[in-house]
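Participant: The structure follows.
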Amino acid sequence: MSPLSLDDVRAWYAQQSTAMLVADALVTDEAGRVLLLQPAYKTGWLRPGGVVERDEAPHDAAARELREETGLQRTSGALLATEWCRMFDQGDLPLVGFTFDFGTVSSKEPLVLQTSEISDSGFFTPAQAERRVAPYDLSRLRAAVAARSSGIATYLSDGRILDGRRTRGARLEPKRLE
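Per full-length UniProt numbering, the very first residue in the sequence shown carries number 1; after that it's consecutive.
Put into structure tokens, the structure is as follows:
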């Protein structure tokens with residue numbers, strides 16, 4: 001058998017799966033309330049985050065988005081949750097989302113919002129946060145909160161933990177990164 005040509009290798013790679021990567025930050029205040037942002041371009045509140053750029057690591061993307069959207073300069077902590085899901089409104093490209101722990105900030109620390117993308121911000125109790133986030137983001141929010149408390153990262157597929165359970169009633173405990 002002869003070795004594959006460069007064109008053969010490129011053709012093979014072109015047929016392989018691809019996914020959109022997104023990364024976000026779980027940030028809480030000293031009372032354990034979750035930082036959420038109201039995007040100016042769609043309904044539903046989100047954790048700070050966005051699309052991972054080419055050649056960018058997901059944890060770096062989360063830190064960059066946190067800085068761009070809120071002015072907060074933080075280093076990423078542990079991976080809390082990863083989710084693979086079919087894109088609900090973006091065609092046939094699946095999405096892989098990463099949520100990282102960015103620790104606790106003072107609710108008095110001023111945020112500098114990126115007004116071209118973010119119209120509002122706030123710290124919300126877990127119950128309040130669950131009512132504000134879009135339905136497609138609810139499971140990963142709950143999983144990230146639970147993972148922060150347990151210290152065990154969670155993998156989700158289309159909103160379900162790998163063993164098929166839905167995340168329910170995760171409690172959010174304040175945590176500071178060392």
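In this text, a Cβ means the ideal position worked out from N, Cα and C, and glycines have one as well.
Express the C-alpha separation of Asp137 and Glu53 in angstroms, rounding to a whole number.
Facilitator: Looking up residue 53 in the sequence shown gives position 53. Looking up residue 137 in the sequence shown gives position 137. About 21 Å.
Participant: Return the residue from the list Phe98, Arg67, Phe100, Gly32 that minimises the CA-CA distance to Ser107.
Facilitator: Translated into positions along the sequence shown, residue 107 becomes position 107. Among Phe98, Arg67, Phe100, Gly32, the Cα nearest to that of Ser107 is on Gly32.
Participant: Can you check whether the CB of Leu21 is closer than 7 Å to the CB of Asp101?
Facilitator: Within the sequence shown, numbered from 1, the residue matching residue 101 stands at position 101. Within the sequence shown, numbered from 1, the residue matching residue 21 stands at position 21. It is not a contact, given that the beta carbons lie outside the stated cut-off.
Participant: Between Arg74 and the rest of its own chain, which residues show a CB-CB distance below 7 Å, the 5 nearest in sequence each way excluded?
Facilitator: Taking the first residue of the sequence shown as position 1, residue 74 is located at position 74. Contacts found: Ala63, Leu66, Phe102, Gly103.
Participant: As a quick exercise: from Tyr41, Leu6, Phe123, pick the residue whose alpha carbon is nearest that of Ser116.
Facilitator: Stepping through the sequence shown from its first residue, residue 116 is reached at position 116. Closest option to Ser116, Cα to Cα, is Tyr41.
Participant: Whole-angstrom Cβ separation of Ala81 and Thr154, contact assumed at under 8 Å?
Facilitator: Taking the first residue of the sequence shown as 1, we reach residue 81 at position 81. Taking the first residue of the sequence shown as 1, we reach residue 154 at position 154. That pair is a contact at about 5 Å.
Participant: Tell me the rounded alpha-carbon separation between Asp158 and Val96.
Facilitator: Sequence index remark: in the sequence shown, residue 158 carries index 158 (1-based). Sequence index remark: in the sequence shown, residue 96 carries index 96 (1-based). Roughly 10 Å between the two C-alpha positions.
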